[in-house]
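Undergrad: Encoded as structure tokens, here's the structure I'll be asking about.
Numbering (the working numbering), first residue to last: 3 to 331.
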């Protein structure tokens with residue numbers, strides 16, 4: 003969201019190809035206004051589908067990112083994840099959320115998903131906008147990466163992501179928002195890239211040259227179970243944020259619950275078994291993990307897809323049973 007003039011793909015000279023826009027096009031505020039207007043027209047044209055038409059937004063403001071990145075690099079006082087967080091400060095998220103919310107009201111785009119909020123300022127801005135525009139169905143999202151990692155973690159370049167991994171006080175603010183039910187779902191924001199893609203061969207510890215994003219799906223359930231339990235989060239609340247609410251929002255009405263008429267998609271978890279995360283034990287081809295060495299409690303033992311066991315005892319079993327899910331309409 004609001005990345006006009008700012009790179010999404012490290013410092014590549016081919017940003018327009020990554021964004022899938024013309025070389026002269028701008029990925030800016032007006033661009034997102036027109037997307038919202040298009041979504042609103044779609045809702046009006048297909049009223050039965052309107053509840054399932056939404057716009058999902060990554061909220062950071064390019065002008066702030068450009069200015070602060072130059073300041074942080076020039077001063078050279080910070081390194082690693084602390085430098086990257088300071089270069090993309092939390093108030094950039096807050097400002098973008100305010101602007102996005104105003105545009106949603108202006109365009110009558112009534113279903114807005116605010117993605118991967120990473121800071122107290124982002125949470126506060128999102129909650130204030132919900133009160134200012136109560137007729138808009140805002141949904142607020144956080145990621146397992148932002149809940150498990152902080153700017154002091156040793157993984158540094160491996161944990162580069164947008165918005166950045168924040169200092170511990172922001173991590174605890176996210177957890178507080180989860181417990182206060184200000185968050186609608188928790189996701190992995192899985193953006194897997196190999197080690198060769200992730201960091202610069204010439205300068206592998208340079209946070210500025212590294213690519214943003216990492217995989218995290220396999221740590222999602224265990225991560226939330228481990229850290230959520232420490233903070234008094236109920237199992238039902240975890241299931242609601244990890245499964246039921248996102249399924250409802252995106253029209254996947256056979257998913258997200260254990261009830262008649264739903265697919266029997268079930269994960270059996272030992273809530274007392276602890277384990278350390280190691281990339282060498284992962285099925286991912288990524289080759290590294292920002293969660294390396296993290297001690298989690300709550301291991302998935304068996305997984306069923308539509309009632310058929312597909313994972314058991316640490317191994318994938320049976321044949322591939324995945325199928326395309328059509329939304330209503």
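We put the CB at the ideal spot given by N, CA and C, even for glycine.
Tell me the rounded alpha-carbon separation between residue 150 and residue 313.
TA: Here residue 150 corresponds to residue number 148 of the chain shown, with the count starting at 1. Here residue 313 corresponds to residue number 311 of the chain shown, with the count starting at 1. Each residue's Cα considered, the two are about 25 Å apart.
Undergrad: So is residue 95 buried or exposed if we call it buried at 16+ other beta carbons inside 10 Å?
TA: Counting from 1 along the chain shown, the entry for residue 95 is found at position 93. Buried, because 16 or more other Cβ atoms sit within 10 Å of the Cβ of residue 95.
Undergrad: Based on the DSSP secondary-structure assignment, which residues constitute the bridge partners of residue 187?
TA: Against the chain shown, residue 187 aligns to sequence position 185. For residue 187, which the question treats as bridged, DSSP gives the partners 143.
Undergrad: If you draw a straight line from the C-alpha of residue 265 to the C-alpha of residue 249, how long is it?
TA: Position 263 of the chain shown, counted from the start, is the residue given in the question as residue 265. Position 247 of the chain shown, counted from the start, is the residue given in the question as residue 249. Going by the C-alpha atoms only, they are around 12 Å apart.
Undergrad: So what does DSSP say about residue 300, is it helix, strand or coil?
TA: To locate residue 300, count along the chain shown from 1; it is residue 298. Strand at residue 300.
Undergrad: Under DSSP, the beta strand (DSSP E) around residue 59 begins and ends at which residues?
TA: By 1-based counting over the chain shown, the position of residue 59 is 57. Segment 57-59, the beta strand (DSSP E) holding residue 59.
Undergrad: Nearest CA to the CA of residue 195: which residue from 99, 210 and 162?
TA: Taking the first residue of the chain shown as position 1, residue 195 is located at position 193. Of the residues 99, 210 and 162, the one whose Cα lies closest to the Cα of residue 195 is 162.
Undergrad: Just to confirm, is the Cβ distance from residue 140 to residue 133 under 7 Å?
TA: Numbered from its first residue, the chain shown carries residue 140 at position 138. Numbered from its first residue, the chain shown carries residue 133 at position 131. In this structure, residue 133 does not lie closer than 7 Å to residue 140 by Cβ.
Undergrad: Helix or strand or just coil, what does DSSP make of residue 71?
TA: For the purposes of this step, residue 71 is taken as the residue at position 69 of the chain shown. Looking at residue 71 - three-state DSSP - the assignment turns out to be helix.
Undergrad: Could you please give me the residues that DSSP links to residue 313 through a beta bridge?
TA: Sequence index remark: in the chain shown, residue 313 carries index 311 (1-based). Per the DSSP secondary-structure output, residue 313 pairs in a beta bridge with 305 and 318.
Undergrad: From residue 225 to residue 46, what distance separates their C-alpha atoms?
TA: By 1-based counting over the chain shown, the position of residue 225 is 223. By 1-based counting over the chain shown, the position of residue 46 is 44. C-alpha of residue 225 to C-alpha of residue 46: approximately 40 Å in a straight line.
Undergrad: Might you give, ordered along the chain, the residues of its own chain that have their beta carbon closer than 6 Å to the beta carbon of residue 247, omitting 5 neighbours on each side?
TA: By one-based count along the chain shown, residue 247 stands at place 245. Excluding positions up to five away in sequence, the list reads 186 and 187.
Undergrad: Exposed or buried, which one is residue 199 when buried takes at least 16 other CB atoms within 10 Å?
TA: Within the chain shown, the letter at position 197 stands for residue 199. When all chains shown are included, residue 199 counts as exposed.
Undergrad: Count the C-beta pairs between the segment 229-245 and the segment 279-295 that are closer than 8 Å, then say yes if the count reaches three, no if not.
TA: no
Undergrad: With a threshold of 7 Å between beta carbons, is residue 123 in contact with chain D?
TA: Of the chains in the structure shown, none is chain D; there is only one protein chain.
Undergrad: Anyone know if the C-beta pair for residue 116 and residue 142 falls short of 7 Å?
TA: Numbered from 1 along the chain shown, position 114 holds the residue referred to as residue 116. Numbered from 1 along the chain shown, position 140 holds the residue referred to as residue 142. Yes.
Undergrad: Which of helix, strand or coil does DSSP assign to residue 152?
TA: Within the chain shown, residue 152 is the residue found at index 150, counting from 1. In this structure, residue 152 counts as coil in the three-state DSSP scheme.
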